[in-house]
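Numbering (our numbering), first residue to last: 18 to 270.
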């Protein structure tokens, strides 16, 4: 398994996350926000095998296109440098597994080609004005491309990486357009997968991102998980949960 982790704070949470997921064959490709001093994060991962910090770092403000750039850079590193043909799981530094490594491996290995990503067509009910205002020139552009939205976090088989980059190379306007989309990390990959017209993608999409997340209205940000969520977390069939905080979530981490 290859875990891509986007972290922007809390070296302690990063250490906890990779320690829980560490095993001999697992690799961690870690992007640290450009605005942060990377040293505490590197120290937090010290002694943990197979940790790779991306050389290029982006100032990944909430809702910025830099989150897409950081993700694509990590994916490109996997293809060109790591060259491990393993499943890729995208996590944040505020995530934790809620199942054992053995369970996670067994579950994902039993779905070797499945693309786990949450998606809904735009307009999306829980988004302000259905999310239409996120997309410039929506009425015009939506006649040629169908927009989708959902959670930023997903899991894909290695084979999907080449399909992503092939699509982006053939459709440079797609990337350029999404630079102006609001909160593009919640629609970029959903829209890409649902419009790339590739049979491997079409045959293997599953509308689930394997995450347990609690949202409080008005659904702007997921809330921090605490002891009051423990029963639901234990009952969840998801593999991961978010968001955790090193102080507020102490009783359950």
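Idealized CB from N, CA, C, for every residue including glycine.
Problem - In DSSP terms, what residue 27 is bridged to - result: Here residue 27 is not bridged, per DSSP, to any residue.
Practice task
Using the DSSP secondary-structure output, state which residues sit across from residue 59 in a beta bridge.
Solution key: Residue 59 pairs with nothing; no bridge assigned.
Exercise for the section: Throw me the rounded Cβ distance for the residue 24 and residue 47 pair, which I believe falls under 8 Å. Expected result: Indeed they touch by this definition, with Cβ atoms about 6 Å apart.
Exercise for the section: Alpha carbon to alpha carbon, how far is residue 222 from residue 150? Give it in angstroms, no decimals. Expected result: Computed Cα separation, rounded: 26 Å.
Exercise for the section: Pair every Cβ in the segment 158-177 with every Cβ in the segment 98-114, then say whether three or more of these pairs are closer than 8 Å. Expected result: Flag = yes, the segment 158-177 and the segment 98-114 touch.
Exercise for the section: Would you kindly work out how many angstroms separate the C-alpha atoms of residue 229 and residue 265, rounded to a whole number? Expected result: Rounded to the nearest angstrom, the two C-alpha atoms are 17 Å apart.
Handout entry: Three-state secondary structure (DSSP) of residue 21
Key = The answer is strand: DSSP assigns residue 21 an E or B state.
Exercise for the section: Taking the CB atoms as reference points, tell me whether residue 71 and residue 92 lie closer together than 8 Å. Expected result: In this structure, residue 92 does not lie closer than 8 Å to residue 71 by Cβ.
Practice task
Along the alpha helix (DSSP H) that carries residue 123, what are the first and last residues, could you check?
Solution key: Per DSSP, residue 123 belongs to the alpha helix (DSSP H) from 118-126.
Exercise for the section: Reducing DSSP to helix, strand and coil, say where residue 268 ends up. Expected result: DSSP, read as helix, strand or coil, puts residue 268 in helix.
Exercise for the section: Note down, in chain order, each residue of its chain lying with its Cβ closer than 6 Å to the Cβ of residue 28, except the 5 sequence neighbours on either side. Expected result: Counting only Cβ-Cβ distances below 6 Å, and skipping sequence neighbours, we find 57, 58, 61.
Exercise for the section: Starting from the Cα of residue 101, find the closest Cα among 217, 178, 255, 220 and give me that residue. Expected result: When only C-alpha atoms are compared, the closest one is 178.
Handout entry: Limits of the unbroken beta strand (DSSP E) element including residue 259
Key = It spans 257-259 - the beta strand (DSSP E) in which residue 259 sits, taken as one unbroken run.
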